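Taking it in order: structure first as structure tokens, then the write-up.
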């Protein structure tokens with residue numbers, strides 16, 4: 003819908019500019035689409051703050067104790083790790099809520115979540131639904147997957163995310179005996 007609207011606006015601009023302006027309008031469409039594509043599929047930050055209602059909905063079921071990917075401003079649990087504390091190198095315990103940075107390092111976070119579950123920790127991950135990636139096939143497919151309907155509005159909620167989201171739950175092995 004969004005891209006159709008942009009194209010419609012550019013057709014109208016071409017019509018209004020006449021033949022002389024048609025080339026400029028067409029160039030403008032390409033430039034506009036390029037900017038939009040960069041905005042839709044990249045981000046200046048990989049941090050997407052968890053929507054409060056999504057966290058509350060999951061917390062009612064799981065009763066989280068640790069947020070390993072937080073800032074002091076957006077931490078969702080009583081215990082949390084900041085970027086400086088590096089949750090990737092910390093041991094996790096309890097019931098973990100993980101909304102990792104969505105950049106290239108997401109594979110490391112998903113692997114860590116899976117590994118911690120093998121150590122007896124329950125880990126619930128809020129992730130972009132990127133079913134074409136290696137990390138999805140290597141780890142997420144081993145968990146319980148709950149696809150979310152629609153698109154979440156992260157952070158300030160100014161609009162929906164440019165990607166679908168999923169909750170992946172890594173439960174400890176059924177025969178796990180704590181040490």
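Residue numbers (my numbering): 3 to 181. We put the CB at the ideal spot given by N, CA and C, even for glycine. No experiment lies behind these values; they were computed from the predicted model shown.
Here residue 135 has 109 as same chain residues with Cβ atoms under 8 Å from its own Cβ, once five neighbours each way along the sequence are excluded.
Per DSSP, residue 91 lies in no alpha helix (DSSP H) segment and is marked neither H nor E. The way I'd put it, the stretch 137 to 144 doesn't touch the stretch 79 to 92; fewer than three beta-carbon pairs between them come closer than 8 Å. Only buried fits residue 101, as 16 or more other CB atoms lie within 10 angstroms of its CB. Secondary structure of residue 125 (DSSP, three-state): strand. Along the stretch 112 to 178, the alpha helix (DSSP H) occurs as fully enclosed runs of 4 or more residues at 136 to 140, listed in sequence order.
Our two residues, residue 131 and residue 115, have alpha carbons roughly 16 Å apart in a direct line. Judged by DSSP in its simplified three-state form, residue 82 adopts strand. Straight-line measurement puts the Cα of residue 176 at about 20 Å from the Cα of residue 112. When 80, 153 and 172 are compared, the shortest CA-CA separation from residue 138 is found for 172.
Note that the C-beta distance between residue 123 and residue 95 is below 9 Å.
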